[in-house]
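S.K.:
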Amino acid sequence: MTMNSTEVKSRTQSGSGTRKQRFPFLDLQAEFATMQEEVLAAVKSVLESQHFIMGPEVGKLEAAIAKHLGCSFAISCASGSDALLLAMMALGVDSGDEVITVPFTFVATAGSIARLKATPVFVDIEPETYNLDWKQLEAAITPRTKAIIPVHLFGLPAEMEKITGIARAHRIPVIEDAAQAIGARYRDQYVGNLGVGGCLSFFPSKNLGGAGDGGMVTSNDPEFADRLSVLRLHGGRRKYHYDLLGMNSRLDTLQAAILLVKLRYLHDWTKARQRNADRYRDLFAQADLNQWVTLPVQPEGFEHVYNQFVIRVQRRDELREYLRLAGIPSEIYYPLPLHLQAAFADLKYGVGAFPQAEAASQEVLALPVFPTMTEQQQQTVVGVIGDFFAGKN
Ligand SMILES: *Cc1c(COP(=O)(O)O)cnc(C)c1O
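Under our numbering, the first residue of the sequence shown is numbered 170, with each subsequent residue one higher.
1. I'd like to check one pair, L432 with I222: are the Cβ atoms closer than 8 Å?
2. Do A336 and S370 have their CB atoms nearer than 8 Å?
3. Give me the residue from L255, P540 and K286 with the minimum Cα distance to D447.
4. Check whether the Cβ of A348 lies closer than 7 Å to any heavy atom of ligand 1, and answer yes or no.
5. Is G249 near ligand 1, judged by its Cβ being under 7 Å from some heavy atom?
6. Can you tell me the Cα-Cα spacing of E217 and G261, whole angstroms?
7. For A309, collect the residues of the same chain with a Cβ closer than 6 Å to its Cβ; drop the 5 residues on either side in sequence, then sort them by chain order.
8. With distances taken between CB atoms, is the gap from V474 to T439 smaller than 8 Å?
9. How would you label K315, buried or exposed, when you count the other beta carbons within 10 angstroms and need 16 or more for buried?
10. Taking buried to mean at least 16 other C-beta atoms within 10 Å of its own C-beta, is P545 buried or exposed?
11. Compute the Euclidean distance between the alpha carbons of G239 and A353, then round it to the nearest angstrom.
12. Where V550 and L322 are concerned, what is the direct C-alpha to C-alpha distance, given to the nearest angstrom?
13. I need the straight-line Cα distance from A210 to G384, nearest angstrom please.
14. Taking all protein chains shown into account, do 16 or more other C-beta atoms lie within 10 angstroms of the C-beta of L494, making it buried, or fewer, making it exposed?
15. Along the beta strand (DSSP E) that carries T391, what are the first and last residues, could you check?
16. Just to confirm the assignment, what range does the beta strand (DSSP E) spanning D447 have?
17. Starting from L505, trace the alpha helix (DSSP H) in both directions and tell me its first and last residue.
18. First and last residue of the alpha helix (DSSP H) that includes V208?
19. Use the C-beta contact count for K286: other C-beta atoms within 10 angstroms, 16 or more gives buried, fewer gives exposed.
20. Please state the DSSP three-state secondary structure of A347.
21. Among L536, C368 and E207, which has the Cα closest to the Cα of A256?
22. Would you report the Cα separation of Y359 and C246, rounded to the nearest angstrom?
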């Protein structure tokens, strides 16, 4: 359903009274309401079994996700951050090594590198996709580069053919940070199949979110997958016999049981997010806002799953405040790039080191795009953004 621009204008001019209806940035309660009984039954069944650690639902979820994504292995763990950590441990990343990633991402991508006492080496992003700029990748590679971690930010795959091509020429493994992109496809392949390992997160706000923390590493490499499955269980194959120095990073049976239910809805929810993104495109075009607002790109052959719908504007902070006063939630991912964070001060990157990441952090604004969002709610969002630019420009 679309509207013409006069309809948008008339709503815009009809005053704030019609749009006092409040809605959250992400409506997880509405999602829960659609499957409450199934989730409660799954939780009850685990509670009755009292099999909380590595119960049968864990293996079932791993098999279901491997099937869903078309990969050979899926190894669950305690969080997306641990998925990154375990994937690097399985590759033997160690102190003194370098791992290349982007400065414009959630902290865990680079934090997990630093936690292994390896050095994060940043490569700037492309301004249109917010993903790793492959044209700058080769220059960052050194003899100490042990891995490359592109991020599929906001749900849009990175330019993996170029990235893995360069990596292969240098014999460097690629780990995908697919925490925001479960179900996204790059040239007809699901992300998680494009490197040696793909890291997923089940943090509640991700496209497949649990009732707490959870994560998974997907792979098509049997040796890598085997090391991972041992590393997350203290490094032991047999109880009290340890082959590797591992850690305690398991997915709770309760989480696996809940995620098994939610996985059945993932495809439909992804479609709903994509429909909402298309509706935003129509509404922004009809409101004639494309000169003020840069919309997310969807390059040919890249499928975006819209964990976030991120626009780019000048005077972002003013717009965000204007939206807030009109009762419209928005978020900033991310306000300060990682190379300028206090936690990474010892890397000694200064202002200006990654101009695209720095510019993006000043101009990006994430709008609500959750699956149960209504067309009317989206019209309200675009209407208020239209008011902002009409009133002040
Ligand atoms: C959420 C996220 C992670 C970490 O996942 P957690 O499950 O919260 O530990 C890693 N990378 C990116 C890009 C993320 O968005």
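Cβ coordinates follow ideal geometry from the N, Cα and C atoms, glycine included.
M.R.: This is what the structure holds:
1. no
2. no
3. P540
4. yes
5. yes
6. 40 Å
7. I269, V290 and V292
8. yes
9. buried
10. Correcting the residue identity first, residue 545 is Gln in this sequence and not Pro. Exposed.
11. G239 and A353: Cα-Cα distance of roughly 12 Å.
12. Using only the alpha carbons, I get a separation of about 23 Å.
13. Straight through space, the alpha carbons of G384 and A210 are spaced by roughly 23 Å.
14. With fewer than 16 Cβ atoms within 10 Å of its Cβ, L494 is classed as exposed.
15. Rather than Thr, the amino acid found at residue 391 in this sequence is Pro. It is not in any beta strand (DSSP E) - P391 instead sits in the alpha helix (DSSP H) that spans P391 to L400.
16. D447: not part of any beta strand (DSSP E); member of the alpha helix (DSSP H) spanning T422 to Q455, first to last residue.
17. Looking at the DSSP string, L505 is not in any alpha helix (DSSP H), and its letter there is neither H nor E.
18. Counting along the chain, the unbroken alpha helix (DSSP H) around V208 starts and ends at Q205 to S218.
19. Around the beta carbon of K286, a 10 Å sphere encloses fewer than 16 other beta carbons of the protein chains shown; the residue is thus reported as exposed.
20. coil
21. C368
22. Cα-Cα distance, rounded: 20 Å.
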